[in-house]
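Take the sequence shown: its letters are residues 20 to 186, numbered as in this note's numbering. Data block below; observations after.
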Amino acid sequence: MPPYETMPFHLRTERLILRPWAESDAAEFCALLSERGKETPTVDRIRTAIGELLTATETTGIALLPIQRRDEGDFIGYCGLIIGRSSVEEPEIAYELLQRAHGRGYATEAARAVLDAAAATGRERIWATVGAWNTPSFRVLEKLGFERDQVSTEDSGEVVWLTRSLP
């Protein structure tokens with residue numbers, strides 16, 4: 020495995036701050052997950068998951084980061100790199116926003132900052148996987164220069180795999 024630099028864990032954009040997880044994020048992270056309409060984990064389970072995310076960050080040098088709006092200081096979602104269906108060499112970008120934050124360009128802005136951070140690590144390609152039904156995520160990824168690579172069928176339905184080369 021080629022040596023990669025550790026991803027920066029504090030990112031700032033014009034309107035957003037991406038930073039490491041804190042235990043105090045648990046209730047808001049739980050609220051985000053509840054918007055999926057499925058069974059929501061307890062806040063205690065989310066606290067455990069945050070600890071697991073922090074441990075994974077130490078191990079892999081990549082991170083999924085909470086997103087805060089700079090002016091308001093409120094949690095609106097997360098964005099970052101994960102191993103997911105990919106690898107530490109070519110990680111997957113992941114993001115999810117609270118519904119109240121949709122349609123304002125926040126996902127694109129956060130993902131662009133994460134891609135810049137990924138490029139700074141020396142990685143050459145990033146993956147994304149999206150449910151075939153998720154048109155808004157396709158728009159975000161297309162704005163960022165991702166291209167469709169393949170389609171797989173999983174228990175949750177069709178999943179489209181996209182890639183983007185990094186400068």
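Ideal Cβ positions, reconstructed from N, Cα and C, are used throughout, including at glycine.
Original post:
In or out: T67 buried (at least 16 other Cβ within 10 Å) or exposed?
Top reply: When all chains shown are included, T67 counts as exposed.
Subject >> Which listed residue (V170, L160, E33 and S175) has its alpha carbon closest to that of R14 >> reply: Only positions 20 to 186 of the chain appear in the structure, and residue 14 is not among them; the question remains open.
Original post:
Looking at C-beta atoms only, is the number of pairs between the region 124-137 and the region 160-172 that lie closer than 8 Å three or more?
Top reply: A contact exists between the region 124-137 and the region 160-172.
**OP:** In angstroms with no decimal places, state the Cα-to-Cα distance between D80 and I112.
**Re:** What sits at residue 80 in the sequence shown is Gly, not Asp. It is roughly 14 Å from the alpha-carbon of G80 to the alpha-carbon of I112.
Original post:
Do you know how far the Cα of G92 is from the Cα of S198?
Top reply: Coverage of the chain is limited to positions 20 through 186, which leaves residue 198 absent and any answer about it impossible.
Subject >> Among P110, E109, Y125 and E108, nearest to L116 - alpha-carbon criterion >> reply: Per the Cα distances, Y125.
Original post:
Looking only at its own chain, which residues have a Cβ that is under 7 Å from the Cβ of Q169, when we skip the five neighbours before and after it?
Top reply: These residues qualify, in order along the chain: W180.
Original post:
In this structure, does DSSP put E107 in helix, strand or coil?
Top reply: Residue 107 is actually Val in this sequence, not Glu. Here V107 sits in coil by DSSP.
Subject >> Assigned exposure category for R144 - 16 Cβ within 10 Å defines buried >> reply: Per the 10 Å Cβ criterion, exposed.
**OP:** Would you please state the rounded distance, in angstroms, between the beta carbons of P85 and L100? I believe it to be under 8 Å.
**Re:** The Cβ separation is near 14 Å, so there is no contact.
Original post:
Of all the options M26, I95 and A139, which has the alpha carbon lying nearest to the alpha carbon of L52?
Top reply: The shortest C-alpha separation from L52 is found at I95.
**OP:** With distances taken Cα to Cα, identify the nearest neighbour of T182 among W152, W146, P155 and N153.
**Re:** Ranking the options by Cα distance to T182, first place goes to W146.
**OP:** Tell me whether L185 sits in a helix, a strand or coil according to DSSP, three-state version.
**Re:** Per DSSP, reduced to three states, the secondary structure at L185 is coil, with no helix or strand assignment.
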